[in-house]
Amino acid sequence: MSQSGQSQNQNRVIDLKVSGHLMTLDRGLFCVFHVPSQEPPSPRGLPGVRLTQPPLVNGAVTISTFDDTGWLGGQNNAALIRVMQGPAQVLVTIYQEAGSPHEAPRLQVVRLSDAAGAPVAAAPQGQGAVANIPSPAPTGVAAAPGQQFEVGAHIQRRGDVGVMLGEWMGKPGSRFWIEGFSISPGKLIAPEDIEYQAVLGKGWLSPWSEGGKYCGSRGMALPILGLRVRLKGEAAEEYLCELEATFTDGTEIGPVGENETAESDSLAPLEAFRVTIIPRDPAMAAAQREAEELEEVLEEDLALLEEEEEVAPVRKPAKRGRPATRASVKPAVKVAKPATVSSGKARKTQQAKTTRSPAKSAKASTAHKPRRR
Numbered sequence: 001m002s003q004s005g006q007s008q009n010q011n012r013v014i015d016l017k018v019s020g021h022l023m024t025l026d027r028g029l030f031c032v033f034h035v036p037s038q039e040p041p042s043p044r045g046l047p048g049v050r051l052t053q054p055p056l057v058n059g060a061v062t063i064s065t066f067d068d069t070g071w072l073g074g075q076n077n078a079a080l081i082r083v084m085q086g087p088a089q090v091l092v093t094i095y096q097e098a099g100s101p102h103e104a105p106r107l108q109v110v111r112l113s114d115a116a117g118a119p120v121a122a123a124p125q126g127q128g129a130v131a132n133i134p135s136p137a138p139t140g141v142a143a144a145p146g147q148q149f150e151v152g153a154h155i156q157r158r159g160d161v162g163v164m165l166g167e168w169m170g171k172p173g174s175r176f177w178i179e180g181f182s183i184s185p186g187k188l189i190a191p192e193d194i195e196y197q198a199v200l201g202k203g204w205l206s207p208w209s210e211g212g213k214y215c216g217s218r219g220m221a222l223p224i225l226g227l228r229v230r231l232k233g234e235a236a237e238e239y240l241c242e243l244e245a246t247f248t249d250g251t252e253i254g255p256v257g258e259n260e261t262a263e264s265d266s267l268a269p270l271e272a273f274r275v276t277i278i279p280r281d282p283a284m285a286a287a288q289r290e291a292e293e294l295e296e297v298l299e300e301d302l303a304l305l306e307e308e309e310e311v312a313p314v315r316k317p318a319k320r321g322r323p324a325t326r327a328s329v330k331p332a333v334k335v336a337k338p339a340t341v342s343s344g345k346a347r348k349t350q351q352a353k354t355t356r357s358p359a360k361s362a363k364a365s366t367a368h369k370p371r372r373r
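The sequence shown: position 116 = 116 (the UniProt record's numbering), numbered continuously.
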């Protein structure tokens with residue numbers, strides 16, 4: 001083989017500097033995240049970190065990352081690790097380019113709860129882990145034909161649920177926590193005009209997720225502790241985003257603006273939230289409210305019409321069964337009602353008719369009597 005061919009084959013494979021570490025954790029719930037203010041990665045996305053199970057997989061350890069492969073990258077990312085029975089180990093692998101001036105990413109570990117029995121980490125009594133569902137197709141609310149939900153979430157004991165913007169996701173006061181959510185507006189703004197974060201711990205937020213992407217975990221009994229939502233681009237100049245939220249400890253927050261995070265002081269799990277998008281112009285906001293009210297009225301009228309259409313075929317056969325001629329034929333001569341004997345008025349009328357009869361007869365006989373010559 002020529003030297004040029006060998007050099008081409010060598011350029012196809014690039015050696016990386018890889019180091020692995022086994023991190024031992026006790027029983028509990030942990031958040032692993034990048035230390036702030038680190039250098040951004042290179043165009044190849046390196047250096048980076050990946051969290052995975054060790055070769056001997058431990059069923060008591062669950063790792064939840066915002067990337068399905070466990071990749072954390074080099075900055076501004078986080079992962080949740082749940083250890084049901086400790087101590088247990090997690091494999092931390094660091095990837096670097098050979099000869100790169102970049103330092104290895106630095107990680108920090110924060111314990112969110114001490115034991116698996118804590119509210120934020122325990123599975124509900126009498127219920128096993130929920131099956132992992134690859135897409136947030138709503139099951140708690142049935143969609144009308146052609147309807148697309150704008151807000152989806154995975155809720156404890158309910159599974160995947162869908163609602164529209166302006167409606168409550170989850171039930172306030174239900175004490176069922178939310179494990180993750182996604183927002184994909186279908187009116188006023190586009191999905192790419194909105195982004196959101198999940199609260200993972202005190203002062204720690206997930207990376208920003210773009211509209212339509214799922215943020216959080218699913219089926220791991222790991223609730224999120226709050227959220228933050230904001231608009232971007234031209235949509236942020238024309239509209240406002242308001243957020244309301246309730247938590248399992250009874251805390252109610254909102255409405256809050258885009259620069260505020262909805263979370264409980266006690267770090268209680270999020271149980272319900274509502275996102276509302278309104279125009280910044282008051283006149284436009286009033287017009288939007290009127291349009292929404294009109295839309296509700298039209299929907300009610302349409303529902304009534306559909307009910308009438310369902311009932312109408314039952315009534316029509318009864319009308320067709322009647323002969324049309326009987327209904328239209330009327331007697332040519334009106335028949336007088338017979339007078340009753342008990343009516344005094346009827347007797348007087350009969351006497352009057354009897355009195356007039358001789359006079360008429362006499363007049364008739366006089367008119368036809370021949371003249372004498």
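Positions of the beta carbon are idealized from the N, C-alpha and C atoms, including for glycine.
Segment contact: the region 264–281 against the region 290–309, fewer than three CB-CB distances shorter than 8 Å; contact not assigned. Exclusion of the five residues before and after residue 23 leaves 90, 92 as the residues of its chain whose Cβ lies within less than 6 Å of its Cβ. Residue 267 sits in coil when the DSSP states are folded into three classes, being neither helix nor strand. Shown here, residue 191 sits in a helix according to DSSP, grouped into three states.
By the 16-neighbour rule on beta-carbons within 10 angstroms, residue 82 is buried. Residue burial annotation: residue 150 is buried, with at least 16 other C-beta atoms found within 10 angstroms of its C-beta.
In the displayed model, residue 301 falls within a helix according to three-state DSSP. Around the beta carbon of residue 26, fewer than 16 other beta carbons lie within 10 angstroms, which makes this residue exposed. Residue 206 is classed as buried because its beta carbon has at least 16 other beta carbons within 10 Å across all chains shown.
The region 251–269 makes contact with the region 221–231: 3 or more CB pairs, one atom from each, lie closer than 8 Å.
Judged by DSSP secondary structure, residue 235 falls within the alpha helix (DSSP H) whose first and last residues are 234–238.
Rounded to whole angstroms, the separation of the alpha carbons of residue 33 and residue 148 is 35 Å.
Residue 52 and residue 73 have their C-alpha atoms spaced approximately 13 Å apart. Taking a cut-off of 8 Å on C-beta distances, the region 36–50 touches the region 100–107, as three or more cross pairs fall below it. Residue state for residue 244 is assigned as strand, using DSSP reduced to three classes. Minimum Cα-Cα distance from residue 215 among the listed residues 79, 20, 305 corresponds to 79.
Secondary structure of residue 228 (DSSP, three-state): strand.
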